[in-house]
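Data first, discussion second: the structure below is written as structure tokens.
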Amino acid sequence: MPSKKALDALNRLLSGNAEYLGAKTAAGDVSPDLRERLRDEGQKPYAVIVACSDSRVVPEDIFMCGLGELFVIRVAGNVIGETQVASIVYALEHLGAPLVMVLGHTHCGAIDAVLKGCDEEALQPVSYLIEDAVGDERDPEKASKLNALAALRDLKAVPSIASLEKEGNLLVVAALYHIGTGRVEILDEENA
């Protein structure tokens with residue numbers, strides 16, 4: 000069972016997303032006072048977000064967060080490799096974040112490229128992971144969900160992450176950001 004702290008972190012994200020749905024501008028705190036406090040006291044993010052590099056997917060805005068609230072890792076296709084795992088483990092073990100969210104999104108260019116058979120050598124480290132995740136699925140939105148859920152499973156297989164989750168000190172979830180509406184949907188890994 001996830002801790003109250005982890006569930007509170009997830010609810011805080013979803014509440015921020017609900018606010019974002021009607022917002023015209025982002026509302027996170029970026030004040031000079033906060034910057035100085037973060038400089039002096041360090042960061043204590045309440046969530047780790049693994050998101051795509053897509054310029055339309057900005058977690059700090061999507062969840063209406065300011066400086067120091069989120070530890071964001073961005074990579075094309077929101078895939079999980081060694082460097083992403085190392086960054087996540089750092090945020091969990093050294094910064095104490097109780098929540099990790101893999102945030103996929105609709106209309107993902109990396110997924111679309113894989114579905115269209117893109118074989119550019121430079122994209123292969125990402126495309127191989129996406130291909131493994133989506134299998135034969137050709138519907139882009141379903142593929143985005145499968146990809147986020149595959150990243151979730153990859154994270155849950157990391158021993159230190161699995162241990163924190165088993166102890167109830169960590170909640171790891173997958174979600175899908177709908178570009179057209181701005182809504183974040185929590186994905187059910189049981190019905191994937």
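Residue 163 in numbering that gives the first Met the number 0 sits at position 164 of the sequence shown; the count goes up by one each step and never skips.
Just so you know, even glycine gets a beta-carbon here, dropped at the ideal spot from N, CA and C.
Since this is a predicted model, take the numbers as computed values, not measurements.
Host beta strand (DSSP E) of E184 (start-end): Looking at the DSSP string, the run of the beta strand (DSSP E) that includes E184 is 183–185.
Do H104 and C51 have their CB atoms nearer than 8 Å? A contact, by the Cβ cut-off of 8 Å.
Taking all protein chains shown into account, do 16 or more other C-beta atoms lie within 10 angstroms of the C-beta of I48, making it buried, or fewer, making it exposed? Result: buried.
Residue range of the alpha helix (DSSP H) that R34 falls in? In the DSSP assignment, R34 falls within the alpha helix (DSSP H) that extends over 31–40.
Unbroken alpha helix (DSSP H) runs of length 4 or more, entirely within the stretch 79–134: which are they? Unbroken alpha helix (DSSP H) runs of no fewer than 4 residues, entirely contained in the stretch 79–134, are found at 81–94, 108–114, 123–133, following chain order.
Does the beta-carbon distance from L154 to E188 come in below 8 Å? Against a cut-off of 8 Å, the Cβ pair of E188 and L154 comes out as no contact.
Taking 8 Å as the threshold, find out whether the stretch 55–70 comes into contact with the stretch 124–135 through three or more Cβ pairs. Under the Cβ criterion (8 Å, minimum of three pairs), the stretch 55–70 does not count as touching the stretch 124–135.
L20: buried (16+ other C-beta within 10 angstroms of its C-beta) or exposed? Burial check for L20: the Cβ neighbour count within 10 Å stays below 16, so the residue is exposed.
Am I right that V78 and V113 are in contact with their C-beta atoms under 8 Å? What's the rounded C-beta distance? About 11 Å separates the two Cβ atoms, so there is no contact after all.
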